[in-house]
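Visitor:
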Amino acid sequence: MKKRIVRESLLASTIIGGAALSFMAATPAFAQSADEDVAEVASIVVTGSRIRQPGYEASSPITSLSSEAIAMSQPVAVEELVKDLPAAVPAVGSATNNGSGGGATINLRGLGTNRTLVLINGRRVVPFNLEGVVDTNTIPLALVERVDTVTGGASAVYGADAVAGVVNFILKNNFEGVEVNSSYGFSGEDDAVRRKFDVTLGGNFADDRGNAVVSFGYTKTDPLYQVRRPWGEVALSSTTGNPLGSGTSVPGRFDLTPVPGGVALPTGAELDPTTGALIGSNHPNYNSAGYNYNPYNLYQTPLSRYQINGLGSFKINSAAEVYSHLTYVQSDVSLDNASSGTFGNTYKVPIGNPFIPDAMRQQFCGALLIDPAKCVAGAGGDTMMDLTINRRFTEMGTRPVDIENKTVQLLAGVRGDINADWNYDAYISHGETQQLLTRRNWGSLSKLRNALNTVSATECLVPGATTAVAGCVPINVFGPEGTITQEMIDYINLSSMSKTTIKQDVASGSISGLLPEHLSSPWSERQIAVAFGAEWRRSGASTRGDAASQTNGEILGTGAPVPDRNGQFEMREAFAELAVPVIENLPFIHSLNLEAGYRQTEFKAGSSKTNYGSYKIGGDWSPIEDVRVRAMYQRATRAPNIGELFNPQVTGLGNMAIDPCQLNLINSADANTAGTLSNLCRLTGVPLGNIGYVAAPNSGQVNQQTGGNPNLGPEEADTWTIGAVWQPAFVPSLRLSLDYYDIKIDKTINSPSLADVMNGCYDKALNPNLTFNDSCKAIQRSALNGSLNGVDAKGVIRPSTNAGNERVSGFDIAANYRVELSDFGWGDIGRLDLSVNGSILTKHETQATPASVLRDCVNYYSVSCGEPKVKQRWNSRATWTLGDYSASLNWRHLSGVEVEPSATKWFPDYAKIDSYDYFDLSGRWDITQTVRLTATINNLFDKSPPIVGSQIGTTAANNGNTFPQTYDAIGRYFTFGATLKF
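And the structure:
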């Protein structure tokens, strides 16, 4: 089925491209100007409404980014454009290594990528993951005419997901000619190379009744490893500022629970290769910094992307114009991780394992009180130990993760005029994405168990057995780097594969028009505009994995199994909108307009069915022609996505700098004394014999379990926007706007943060008597050693519910001004365009459950708040244009932030980030009417990112000692581009 769709996609592209080339031979191929395109489209297509009437302007604030601004910044991916918009916060993108799902996403208002709806020409795009999120790598940058962003709910217009807002990519209309775009970028360190090449061909045919366009694109970016930058060379502790890598190191660290009367191993017991004995953290030879994993992680993940887009339209008559859009994208993203290993797993190991150094063996025997006669290497040492091992397999190399995304979407529709006042638009679309995820060099838990459970150095011979495990090669984890041979690696090595398939079908139709004049307001000459229609959407997903992916902990370094699963939901919706001109041309009321909309939804998942409504009501008032005041209230809804409904419970990793039960934070003397931390740690799973010896979180991370909930219902959001626009007649090129927004979401689909659960159990401020409460029940430690690492520990359980709430509010400010410099008597030296776009965040409250902390994350970053929630974001641009030349300076400002207050004592230098200012310089030269050269320097002054260590934020956001999606970790960056039009 998939192969057939791909073949049809390529065939359709060829047909459209052939049509374009054929008719261009008889049609003048002049590229349409950007200004003409925008003017034409904007007068008809209004993002945030389905009303299609010239002159109609929605009451919701809209931010637009023109194709000219896109060309000046020369991005290779859409997420580079959107993440710097004041209304957006950084989401997963090219700077995300650990935590990337293989796509590039958009996050408006910091409310989550699954609450931001991404559209192309006002129509839905097939998502790439189970969370229903669109990969913006599928957006054809070469065809984008402008990008409209509407923040605040838009569910009444577009349906579910539009809680935080909508990002609508408007493509070029009726493109004619040939356009070739090419760019090449590199950093000031001559690395992190990015290449982009696009060819777009289009033309009219049949006496301009038809148009066909085909666009081909190729993008390739090189990896940038963190070791290439001084701030990323060494993993740093967020609590001490000292080097602090992973406890899974080489030489390895070992632990076991001593029997009563036995001699405990040294704290943090690590192999000293010079003596063969285990040494403690106070020994001068101890590697307190652990294993430095930073050099093998990425600041820029490599991308290889091919895009084919075909658009066609043919006007049969005024009543019917057929159109189509084909998309085929192959986007391959590669991630990398430090070497695999055994991350705190516990194994059955005979004391007679021949690779155990004699000095270490004696220590094990002393802890377990093993008879000296049995404390020998070989078959005589048949006593079994439960040995916890932290050993990095550096001999195996790094752990790449290759993610191959393929997207196909076919759309066909018909639109036209019913009469002079009414028009219609109907379309159907089918989209599929396939993601193939391949892990290489991760290792097999079951084979490692075999290779350790041996009393022979040449074959895996279980104590007491006479027959060796077939094909097994014993492994030596008890020595320094190099003691694991290639033969040992070949036996335990394991690669795995899993595939996710998403399918989406949409059928939508709407009618827009004007009601009869006698129904209009007597104080307005304009008629009432309406739109109504229906939409059906079905979305399904399935995952398939190999045997290793479905076996608990089988892939070393991963958590719970990911079993095969599938799910589907279906939505049937009807909607209507109304725009009423109430008063015009009266004193103090130049115009007064009202608008309203309603959408009724039937949501069906499995055997359950839910009905709910979304609506909006608002309007605008212009006391004089120069001033427009606008306001909008919307009830937005978001249905749970497939992942939230059907994901299995799986174990992953979350950042946590300190485990309250680690090492000497607790002691055995208080282990049975109520009201003490030691007692509570015992109650939450620390074995009595391990109290005082629980290892600190490995690499500053612990296990956490999350998953779906089939009983989830829709989220509900109430959004308010109110603002004003001023365009003074005495300065016609000046436009100022100020808007306030308030988005409050109830019944949020959320889970308590890792910090909420841990603090709710162990923090006296939340649990004064340190009793075993509900938060403590959600902490599932290893029964063998009490840690939150290793395959035996489920970790912190974070169930999904509809019990949360979230609220954001703030102000958006925009100013645009164009001035001809000759107006100031400076001669004909061109014009100056000035723009300022800013956002002031006044509130970002979130509470996952009624028992969770209600936190306001404004001005904070943390494991719970995530990436920095800066109070102010500003983008200011000045562009000078003189004939064929243009130069532009962009100023990006982020206000200062600090770490969220908590019981953890963070390193003072990492507890605050000062305000950041970046400057980008661009230049353009139109050599001829058909050739344009563009040069861009981002981060002009080569500003380094803030250093905060690697445990102070979430795993995905806080990487390489900084927040690389928020702050520039690459440094000064040069991009040179050329555009040919003919």
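In the numbering used here, the protein residues as written are 199 to 1180. C-beta atoms are modelled at their ideal positions from N, C-alpha and C, and glycine is treated no differently. Keep in mind it's a predicted model, so treat the numbers as computed, not measured.
Nearest to T314 by CA position, among S292, R996 and V287, is which residue?
Guide: Cα-wise, what sits closest to T314 is V287.
Visitor: So what's Y1171 in DSSP terms, helix, strand or just coil?
Guide: The answer is strand: DSSP assigns Y1171 an E or B state.
Visitor: Taking the alpha-carbon positions, what's the S935 to S1093 distance?
Guide: Roughly 21 Å between the two C-alpha positions.
Visitor: Shortest alpha-carbon distance to F403 belongs to which of D1166, V955 and E374?
Guide: Of the listed residues, the one whose Cα sits closest to F403 is E374.
Visitor: Which full runs of the beta strand (DSSP E) of 3+ residues lie inside the segment 733-797, going along the chain?
Guide: Qualifying beta strand (DSSP E) stretches, in chain order: 763-784.
Visitor: Alpha carbon to alpha carbon, what distance is there between G811 and A354?
Guide: Their Cα atoms are separated by approximately 8 Å.
Visitor: I need the straight-line Cα distance from D406 to G320, nearest angstrom please.
Guide: If you take the alpha carbons of D406 and G320, they lie about 24 Å apart.
Visitor: Which value, in whole angstroms, describes the spacing of the CA atoms of L283 and S1084?
Guide: Whole-angstrom Cα-Cα distance: 22 Å.
Visitor: Compute the Euclidean distance between the alpha carbons of G332 and Y545, then round it to the nearest angstrom.
Guide: The question names Gly, yet the displayed sequence has Val at residue 332. Their backbone Cα atoms lie some 42 Å apart in a straight line.
Visitor: Roughly how many angstroms separate the alpha carbons of V345 and V365, rounded to a whole number?
Guide: So the alpha carbons of these two residues sit roughly 7 Å apart.
Visitor: What residue range is occupied by the uninterrupted alpha helix (DSSP H) comprising E329?
Guide: Note, E329: premise wrong, no alpha helix (DSSP H); not H, not E.
Visitor: Quick check on this structure: which residue in A1012, G510 and N901 has the alpha carbon closest to the alpha carbon of N987?
Guide: It is N901 whose Cα lies nearest to the Cα of N987.
Visitor: Drop a sphere of 10 angstroms on the beta-carbon of A893, count the other beta-carbons inside from all chains shown, and report buried for 16 or more, exposed for fewer.
Guide: Burial call: buried.
Visitor: So S675 packs on G300, CB below 8 Å; how close in whole Å?
Guide: It should be pointed out that residue 675 corresponds to Val in this sequence rather than to Ser. Contact doesn't hold; Cβ gap of about 32 Å is too wide.
Visitor: Check each candidate in K1141, S264 and N1137 and name the one with the smallest Cα separation from P428.
Guide: The shortest Cα separation from P428 among K1141, S264 and N1137 belongs to K1141.
Visitor: Any idea which residues DSSP pairs S1020 with across the strands?
Guide: Note: S1020 sits in no beta bridge, so no partner.
Visitor: Straight-line CA distance for A165 to N967?
Guide: Because residue 165 is not part of the residues shown, which for the chain are 199 to 1180, the question remains open.
Visitor: Smallest Cα separation from Y423: which of D389, D453 and Q1163?
Guide: Cα-wise, what sits closest to Y423 is D389.
Visitor: What is the DSSP secondary structure of V355, reduced to helix, strand or coil?
Guide: V355: helix per DSSP, three-state reduction.
Visitor: Does the Cβ of F1139 have 16 or more other Cβ atoms within 10 Å, making it buried, or fewer, making it exposed?
Guide: Classification for F1139: exposed.
Visitor: Counting Cβ pairs closer than 8 Å, one from the segment 1161-1180 and one from the segment 482-498, do we hit at least three?
Guide: Short answer: they touch.
Visitor: Please identify the residue among A624, K604 and T438 whose C-alpha is closest to the C-alpha of R613.
Guide: Cα-wise, what sits closest to R613 is A624.
Visitor: For a test of the three-state rule: what should DSSP assign to I477, helix, strand or coil?
Guide: I477 falls in the strand class under three-state DSSP.
Visitor: Hey, L886 and A869 are a contact pair by Cβ (cut 8 Å); roughly how many whole angstroms apart?
Guide: About 6 Å; that satisfies the 8 Å criterion.
Visitor: Please confirm whether S998 and S949 have their CB atoms less than 8 Å apart.
Guide: A contact, by the Cβ cut-off of 8 Å.
Visitor: Just how far apart, CA to CA, sit I815 and Y939?
Guide: Going from the Cα of I815 to the Cα of Y939 covers about 15 Å.
Visitor: Let me know the alpha helix (DSSP H) ranges lying completely inside the segment 414-446, each 4 residues or longer, listed in chain order.
Guide: With a minimum length of 4 residues, no continuous alpha helix (DSSP H) run stays inside the segment 414-446.
Visitor: Taking the alpha-carbon positions, what's the I477 to N1003 distance?
Guide: So the alpha carbons of these two residues sit roughly 49 Å apart.
Visitor: Could you name the residues of the same chain whose beta carbon sits closer than 7 Å to that of F384, not counting the 5 residues immediately before and after it, in chain order?
Guide: Hits under 7 Å: A390, V391 and F1172.
Visitor: Which residue's Cα is closest to the Cα of A1046: L1039, N507 and D1054?
Guide: The shortest C-alpha separation from A1046 is found at D1054.
Visitor: Taking 8 Å as the limit between beta carbons, can you name the residues of its chain near G680, skipping five residues before and five after?
Guide: Around G680: E593.
Visitor: Return the residue from the list T446, A729 and A705 that minimises the CA-CA distance to L713.
Guide: With distances taken between Cα atoms, L713 lies closest to A729.
Visitor: Any chance the segment 436-455 sits against the segment 518-535, with 3 or more Cβ pairs inside 8 Å?
Guide: Touching, no, given that fewer than three Cβ pairs across the two stretches are closer than 8 Å.
Visitor: Under three-state DSSP, which class holds A1176?
Guide: A1176 falls in the strand class under three-state DSSP.
Visitor: What is the DSSP secondary structure of G460, counted as helix, strand or coil?
Guide: Three-state DSSP puts G460 in coil, outside helix and strand.
Visitor: What does DSSP give as the partner residue(s) for N896 in the beta ladder?
Guide: Paired residues: Q899.
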